[in-house]
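Numbering (UniProt numbering), first residue to last: 1 to 159.
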């Protein structure tokens, strides 16, 4: 308990400099005016997924920095799978980079778009799209079958 805070903490942290017990808000050396701040804990955090060392700056929380690493730079398979599952449905408009959590297919052309471009007028819909493999138009029934297959696969992967 810190002298001025007057709050009991169920999980107090012991300062390695002055050996006092402090809450999570007051255990940093600067917060409780530690008499021996020269004794500091030097941590080198390692990512639990890819086992790479994550550099931290003085005063930066190792847990937060490892979390940022997992969210942005981690190359492990679990991190990449997690990134892919968050918003897997990319907009089909060429210059749009948005991804949505749900499918927003155009009823006319069958392509998937973000919420902003889902309307036919917003993506300049040209009707059923040509199949890239043999350059034939996909029928409405074919587009519906493709939509059902994609929807079924994306729904099963979430279960």
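Here a beta-carbon is modelled for each residue, glycine too, at the ideal position from N, C-alpha and C.
Query                                                                                                                                                                : Result
Identify whether residue 28 lies in helix, strand or coil by the three-state DSSP scheme.                                                                            : coil
State the Cα-Cα distance for the pair residue 70 and residue 47, rounded to the nearest angstrom.                                                                    : 8 Å
What number of angstroms, rounded off, separates the C-alpha of residue 49 from the C-alpha of residue 13?                                                           : 27 Å
On the criterion of 16 or more Cβ atoms from any shown chain inside 10 Å, does residue 105 qualify as buried, or is it exposed?                                      : buried
Report the residue ranges of all alpha helix (DSSP H) runs contained in full by the stretch 50-104; include only those spanning at least 4 residues, in chain order. : 62-72, 77-86
Buried or exposed: where does residue 111 fall if 16 or more other Cβ atoms within 10 Å of its Cβ makes it buried?                                                   : buried
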